[in-house]
Each structure stands twice: as structure tokens, then as C-alpha cells.
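Q: For what it's worth, my numbering labels the leading residue of the sequence shown as 494, then goes sequentially.
Each residue gets a CB set at the ideal place from its N, CA and C atoms; glycine is no exception.
Only a predicted model underlies this, so the values are computations on that prediction, with no experimental measurement involved.
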Amino acid sequence: FTLKDAAAVITASMAAGKLPIDENHSTDKAAPEGRPAPARGWIVEMQLRDDGLWGRVDWTATGKRLVEEHEYRGISPVFVSEKAGGKVVKILRAALTNDPNLTLTTLHS
Numbered sequence: 494f495t496l497k498d499a500a501a502v503i504t505a506s507m508a509a510g511k512l513p514i515d516e517n518h519s520t521d522k523a524a525p526e527g528r529p530a531p532a533r534g535w536i537v538e539m540q541l542r543d544d545g546l547w548g549r550v551d552w553t554a555t556g557k558r559l560v561e562e563h564e565y566r567g568i569s570p571v572f573v574s575e576k577a578g579g580k581v582v583k584i585l586r587a588a589l590t591n592d593p594n595l596t597l598t599t600l601h602s
């Protein structure tokens, strides 16, 4: 996947106002089956840094505890990309997980 226009991705992503962070992609896996998919935090701001696209998170009390107690090691983003070339066009949400699909900086580093 490639990030060619970070400003456009940030604008498109943040148009919803804030993006949920759940556990183990429950919004995508559990919610369609009618099971709970509570937010554990909300991405309220994004910024481009030298090492990638970062989000500032407003954690819920449960989300903060999960991160502080090292119950999860990473964040796994859910995004829209173009089929041809893999250009990322929008971040939809993210999940706390111990098995992220992408190689990213861990939560505890």
C-alpha cells in the first residue's frame, strides 16, 4: 500500500468528525452479526510525520486501561485503497489487536 497524498487522506478520513477504535475489528466482524462492537477510543486528529500518518486518540476509560495494562500490542487500521496500485485514499477506523496486518510501531514503544 502507498500513501501518496496524506493531506487528502486526512481530509477524507476526518470528514466524519472522529473515527472509532474498537477491539479486534469488532465493527467489521461482530457488529454485522448483531454482537457488541464498542469503541475503545476515537481518533480525533490525524497528522503526517516523517515516519507516517499518526492519529491522536481520545481513549474511553476501558480503552485507556487496555493500553496501559498492555493487553494489546498494536493498532490495525481499516482503510480504503485503490485496487490498482494500492494507493490509500481514506482511513475508516482502527482496532486494538495483538496481530496487526501491517508492520507498524507498537503501542508501547
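#1: Using the Cβ count rule (16 or more neighbours within 10 Å means buried), how would you classify D515?
#2: Please confirm whether T553 has its beta-carbon closer than 8 angstroms to some beta-carbon of chain E.
#3: Among N591, R566, L585 and D592, which has the Cα closest to the Cα of S506?
#4: What separation, rounded to the nearest whole angstrom, lies between the Cα atoms of R566 and L496?
#5: Report buried or exposed for P529, applying the criterion of at least 16 other Cβ atoms within 10 angstroms of its Cβ.
#6: Would you call the stretch 547-559 and the stretch 572-582 touching, i.e. three or more CB-CB distances under 8 angstroms?
#7: Just the C-alpha distance for E538 and I503, rounded to the nearest angstrom, thanks.
A: With the given structure in hand:
#1: buried
#2: The structure shown contains no chain E, having only a single protein chain.
#3: When only C-alpha atoms are compared, the closest one is L585.
#4: Cα to Cα, R566 sits roughly 23 angstroms from L496.
#5: exposed
#6: In the pairwise beta carbon analysis, the stretch 547-559 is classified as not touching the stretch 572-582: fewer than three pairs are separated by under 8 angstroms.
#7: 9 angstroms
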